[in-house]
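Asker: Converting from the sequence shown to the working numbering requires adding 27 to each position, the first position being numbered 1. Glycine is no exception: its CB is placed at the ideal position from the N, C-alpha and C atoms.
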Amino acid sequence: MLAIKGGKPVRTKPWPAWPVYDERETKALEETLKSRFWGGGVGESGPKEKEFEEKFSMFHGCSHGVCVSSGTEALHLALLSIGIGAGDEVIVPALTFWATGSAVLMAGGNPVIVDVDKESYCMSFEEVEKSITSRTKAIISVYNYGNSPDMDKLFEIAEKHGLALIEDCARAHGFMWRNKPAGSIGDIGCFSFQQGKFMTAGEGGIIITNNRLYAERCRALRTCGRIRGDDVYSVGVEYWWNWWNFRMTQFQAAILLVQLERLEEQTKTRQANSEYLSMRLSEIEGITTLKIDERLTRHQPWPYLFKYDSKCFENIPVERFVEALKAEGIPCSTIDHPPLSMTLTARGSRSRIIRKPKYPVAESAIREAVTLPQSIFLGTKEDMDDVVEAIVKIKTHLGEL
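#1: Counting along the chain, where does the alpha helix (DSSP H) carrying VAL155 start and finish?
#2: With a 10 Å radius around its C-beta and 16 neighbouring C-beta atoms as the bar for buried, classify TRP65 as buried or exposed.
#3: Classify GLN222: buried if its beta carbon has 16 or more other beta carbons within 10 angstroms, exposed otherwise.
#4: Going by beta-carbon coordinates alone, are ALA113 and GLY92 separated by less than 8 Å?
#5: Measuring straight from C-alpha to C-alpha, what distance separates GLY70 and GLY256?
#6: When the distance is taken between beta carbons, is SER90 closer than 8 Å to ASN237?
#7: Just checking, does the region 186 to 202 make contact with the region 343 to 356 on the three C-beta pairs under 8 Å criterion?
#8: Under 8 Å between C-beta atoms, does ALA354 make it to chain B?
#9: Please list the terminal residues of the continuous beta strand (DSSP E) segment that includes GLY66.
#10: Could you check what DSSP says for TRP45 in three-state terms: helix, strand or coil?
#11: CB VAL117 to CB VAL131, shorter than 8 Å?
#12: Comparing C-alpha positions only, which one of LEU399, GLU409, GLU395, PRO366 sits nearest to MET150?
#13: How is the beta strand (DSSP E) around ASN137 delimited, first residue to last?
#14: For THR99, count neighbouring C-beta atoms within 10 Å of its own C-beta (all shown protein chains included) and say buried if the count is 16 or more, exposed if not.
#15: Would you tell me roughly how many angstroms separate the C-alpha atoms of GLU243 and TYR260, rounded to the nearest one?
#16: Can you give the Cα-Cα distance for LYS334 and MET133, rounded to whole angstroms?
#17: Using the three-state DSSP reduction, which class does VAL119 fall into: helix, strand or coil?
#18: Look at the alpha carbon of LYS35 and the alpha carbon of ALA417, and state the distance between them as a whole number of angstroms.
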């Protein structure tokens, strides 16, 4: 009997807890507390902040790092640093958290929403190329569901048309494309450290780049327009009217330094478990996993996504399937955010949002996508087997639904 009907669940033991911490975070926080340097650095980055900027950007193949208060602000300031303003068009994918599009609006630009690829659920480079106009200034590529758009094609398109390429890496810590770190392929990489991300300090973000001008602009913008002593472009309050306080605290940076120490090992564990789960799920008719491009040489799922074909499950809708899977002890959900075209439309600024008539791939995700949180992939292969067993159980007892 299915658990949703009163039967025994497949899974009753707890899943790996998130966030992960130990005495190292405790020690780092205590050191910061005793240092009496708690806030974000003003004229210069604070000690923990500076150390994290250097180590994180180096780990991801960049020479400059700028800590900020969130991943959303990382995107916002990155757009301002490349000069996005009123009327400028920035191409974004339909399937992404709404911050990708709202950051464009915050910078004064117009988001141009394009559909995603049906195999990767990431930005379709064909749709990008068809959407370029004389007003297009940038592309924001998004790593999503442990996957990547075709970064070779997007880089080529950006070069061909003289566009900036910003990488939204909020879900791509430690990723590599052709063994090149995510965030270092385009002009600027933007990461988030929100509670659920692969690395977290509760909140926070970072901008990484190999372009010193962009880095100096972002530093000035995030800290009330101040120019650092070693800046060479003088791009602070003298030339910019947009400046705010979007600094990160030293407590956040201290935690993130320890989180970074774990990233490589955790990435390997998540990738191995997600690849094993994909192999097992391929055995079930009606369940299809996303195709991971072979050029994405290192990756991990945030969240993990598989496609559910209701026709192979007696037309049980995806929402009911998810209810049954949860009852079996498997943490899961339908797609974690609606298509961006629907989200931004509902939230205003309609006149500035450039939409297509339809987004067939993104819209189909609402009916077919099932997601699993990244934290469960820090478990074991036996944990992955529980996911498979629960799905098989549901399929065997569809009559109960």
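Answerer: This is what the structure gives:
#1: 152 to 157
#2: exposed
#3: exposed
#4: no
#5: 8 Å
#6: yes
#7: no
#8: Structure shown: chain B not included; a single protein chain is present.
#9: Careful: GLY66 lies outside any beta strand (DSSP E) and carries neither H nor E.
#10: coil
#11: yes
#12: PRO366
#13: 137 to 141
#14: buried
#15: 7 Å
#16: 33 Å
#17: strand
#18: 11 Å
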